[in-house]
Amino acid sequence: MNQNKFTNMQHLRVMVITLFLFNGLLSAQVQPKTEIKHRDGIVLEEFLYTKADFPSCHSATIVELPNHELLCTYFGGTYERHPDVEIRLQRKKLDGTWTPPISVANGIQSDGERLPTWNPVLFQPKGEDLMLYYKVGPNPREWWGEFITSKDNGHTWSKPQRLEGKLLGPIKNKPIQLSDGTILSGSSDENGGWKAHVERSTDGGKSWSFIGPLNDGKEMAAIQPALLTHANGSIQMLSRTNTNGAERITETWSADGGLTWSEMTWATLPNNNSGLDAVTLKDGRHLLVYNHSTREQEGMGHKGRGVLNLALSKDGKVWEAALMLDYIDEPEKQYSYPSIIQTSDGLVHIVYTWHRERIKHVVVDPNQLVTFPIINGQWPLEDIPLVVSTE
Numbered sequence: 117m118n119q120n121k122f123t124n125m126q127h128l129r130v131m132v133i134t135l136f137l138f139n140g141l142l143s144a145q146v147q148p149k150t151e152i153k154h155r156d157g158i159v160l161e162e163f164l165y166t167k168a169d170f171p172s173c174h175s176a177t178i179v180e181l182p183n184h185e186l187l188c189t190y191f192g193g194t195y196e197r198h199p200d201v202e203i204r205l206q207r208k209k210l211d212g213t214w215t216p217p218i219s220v221a222n223g224i225q226s227d228g229e230r231l232p233t234w235n236p237v238l239f240q241p242k243g244e245d246l247m248l249y250y251k252v253g254p255n256p257r258e259w260w261g262e263f264i265t266s267k268d269n270g271h272t273w274s275k276p277q278r279l280e281g282k283l284l285g286p287i288k289n290k291p292i293q294l295s296d297g298t299i300l301s302g303s304s305d306e307n308g309g310w311k312a313h314v315e316r317s318t319d320g321g322k323s324w325s326f327i328g329p330l331n332d333g334k335e336m337a338a339i340q341p342a343l344l345t346h347a348n349g350s351i352q353m354l355s356r357t358n359t360n361g362a363e364r365i366t367e368t369w370s371a372d373g374g375l376t377w378s379e380m381t382w383a384t385l386p387n388n389n390s391g392l393d394a395v396t397l398k399d400g401r402h403l404l405v406y407n408h409s410t411r412e413q414e415g416m417g418h419k420g421r422g423v424l425n426l427a428l429s430k431d432g433k434v435w436e437a438a439l440m441l442d443y444i445d446e447p448e449k450q451y452s453y454p455s456i457i458q459t460s461d462g463l464v465h466i467v468y469t470w471h472r473e474r475i476k477h478v479v480v481d482p483n484q485l486v487t488f489p490i491i492n493g494q495w496p497l498e499d500i501p502l503v504v505s506t507e
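Here it is as C-alpha cells:
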C-alpha cells in the first residue's frame, strides 16, 4: 500500500470516529434525562377492572382464601352516600384473572327504603366461616354495622345480620387473630367526636366485648385503627386522625391481649385525615401503607391524597421509607384508603382507591424492598422521589 492511500484511510477513520462522537454528544444533549423511579420490591401492578356498571368506588379490602384465591370487596355506586351504593366483590382466580364485580350486599331495608353501604371488611377466622362486615346508613355518624358469612369461599352468602348495641364491627381495616384465638377488631365511632375502640371476641367471632373509647374524640380525634402484633406479645394500634394542628398518625399499645390500652399519643408520621392500613409480616417486621402528607400540603394532590406510600419498621416506632406507590398533583385525583395483607407465599398485596374510578392492586416482595430512613417525619425525597404516575 502506498503512503497516500494509507494517509487517506487514516483521515477517513478520524472523520468517522469524530462524527460518531459528535452524534453521541448531540444525542445526549437533546435526549431528555430519564427519571429514575424507585420501584424495588414491586412484583405486579394491575387494576381489578377497567369498566363497570357503576361510576365510583372506594374503600377496598382484601383477603386470602384457604384455596389461595383472593377476594376483594369495596363499595361502589353513583357516588359515596348515594342510596344505590352497594358492596361489590371480585375474585382473583388461580390463573391470575379477576372476575367481574358483583353486588353481595346493599342497604335496602324491610320497608323498601334504600340506604348507602360503606367500608366493607373481609376476615377469615381460623376454622370459621368467611366473614364480610360493612356499614349501612345515611352517613358515618348514623350508620350501623352488618355482616354476612360464607361457607364456600365467598361464592354464596348468608342473609345480613345487624350487629347489636354499640358494636359496629371492624370499621375499615381487617381484624387480627392472636395465637390463643382471640380476635381483635379495630373500630371507631364518629358520632359526637372521632373515637377509636376495640371489639374483642374469644369465641371465633360469635360474640364480642366493647373496649373503649380509647381517646376523647375532640382534643385527639382518631378513627379507623390498624393493628400490629409484636414479638413480646404487645399489640400496637395506629389510627387516622382529624385534629387541627397535629396532622399525625396516633398510636396506643396493649400488653394484655387487647383488654387494656395505653394513653393514645401522637406518632411521628403525618396523616392527612385519610385512611391507612398496616400488617405485621411473618418475619416480625411491619409494613404501613398511607398518604405521607398533610391535608393542605402543597404538591400532594386532592386533600393530600395525591401520594400513597409504603413504610417499613422493625419495632413499630422507627419507620423507613420503602416505596412511593403512586403520585399525582391534580384536582380531584387521589390514591387512598389502602388495605394490606401478606399471603401464605410471603408476598404482600395492597389494594386501594384509584381516583374513585377503579381499584388498584399492587403486589410487593418484602424481601426485595430497599429502604431509607424517615427522619423527623420527612420522606427522603432524594432517595425515593416524587414521580408522577402515568396511568
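FYI, the numbering for the sequence shown is 117 to 507, going by our numbering. Here a beta-carbon is modelled for each residue, glycine too, at the ideal position from N, C-alpha and C. Fair warning: this is a prediction, and the values are worked out from it, not measured in the lab.
Buried or exposed by the 16-neighbour rule on C-beta atoms within 10 Å, applied to residue i
i: E414; result: exposed
i: V423; result: buried
i: H471; result: buried
i: D393; result: buried
i: G361; result: exposed
i: V434; result: exposed
i: H198; result: exposed
i: V467; result: buried
i: R278; result: exposed
i: V504; result: exposed
i: A347; result: exposed
i: L354; result: buried
i: I490; result: buried
i: G417; result: buried
i: P254; result: exposed
i: E379; result: exposed
i: D442; result: buried
i: Q340; result: buried
i: N307; result: exposed
i: L375; result: exposed
i: K334; result: exposed
Coarse secondary structure for residue i, derived from DSSP in three states
i: G333; result: coil
i: N425; result: strand
i: N483; result: helix
i: G493; result: coil
i: G420; result: helix
i: I203; result: strand
i: Y195; result: coil
i: L186; result: strand
i: A221; result: strand
i: K251; result: strand
i: A347; result: coil
i: N360; result: coil
i: L300; result: strand
i: F170; result: coil
i: D431; result: coil
i: Q450; result: coil
i: Y408; result: Note that residue 408 is His in the sequence shown here, rather than Tyr. H408 falls in the coil class under three-state DSSP.
i: Y468; result: strand
i: L397; result: coil
i: N388; result: coil
i: T366; result: strand
i: N289; result: coil
i: D461; result: coil
i: D442; result: strand
Integer Cβ distance of residue i from residue j, believed to fall under 8 Å
i: G302; j: A342; result: 6 Å
i: T318; j: G297; result: 7 Å
i: L205; j: V479; result: So it is not a contact: roughly 20 Å between Cβ atoms.
i: E363; j: R411; result: 7 Å
i: D245; j: K267; result: 5 Å
i: P386; j: H408; result: 6 Å
i: K311; j: G328; result: 7 Å
For residue i, the nearest candidate out of the options (CA to CA)
i: L283; options: H271, K322, T298, A437; result: K322
i: N183; options: P217, W382, G270; result: G270
i: P171; options: E202, H154, A338; result: E202
i: L426; options: P286, E412, H465, S219; result: H465
i: Q352; options: S226, W273, W382; result: W382
i: M247; options: I299, P489, V395, G432; result: I299
i: S429; options: Y443, V405, W214; result: V405
i: G193; options: K208, R230, S226; result: R230
i: D332; options: R207, Q494, H313, T345; result: H313
i: W324; options: E280, I444, R207; result: E280
i: T345; options: R155, G400, L375, D442; result: G400
i: S304; options: H174, F163, R257; result: R257
i: W377; options: G157, F326, Y190; result: F326
i: L164; options: R207, E185, F191; result: R207
i: A337; options: G328, T366, G320; result: T366
i: E473; options: F488, D481, Y451; result: Y451
i: A437; options: V486, S390, K251; result: V486
i: K251; options: N358, P241, P232; result: P232
i: G420; options: E448, G432, T396; result: E448
Discussion item. Under 8 Å, with one C-beta from each stretch per pair, do the stretch 171 to 183 and the stretch 449 to 458 reach the 3-pair mark?
Written reply: Touching, per the Cβ criterion.
Worksheet item: Is it a yes or a no for the stretch 223 to 243 touching the stretch 275 to 293, going by three-plus beta-carbon pairs under 8 Å?
Response: yes
Item to complete: Give a yes or no on contact between the stretch 218 to 232 and the stretch 489 to 499, applying the rule of three or more CB pairs nearer than 8 Å.
Response: no
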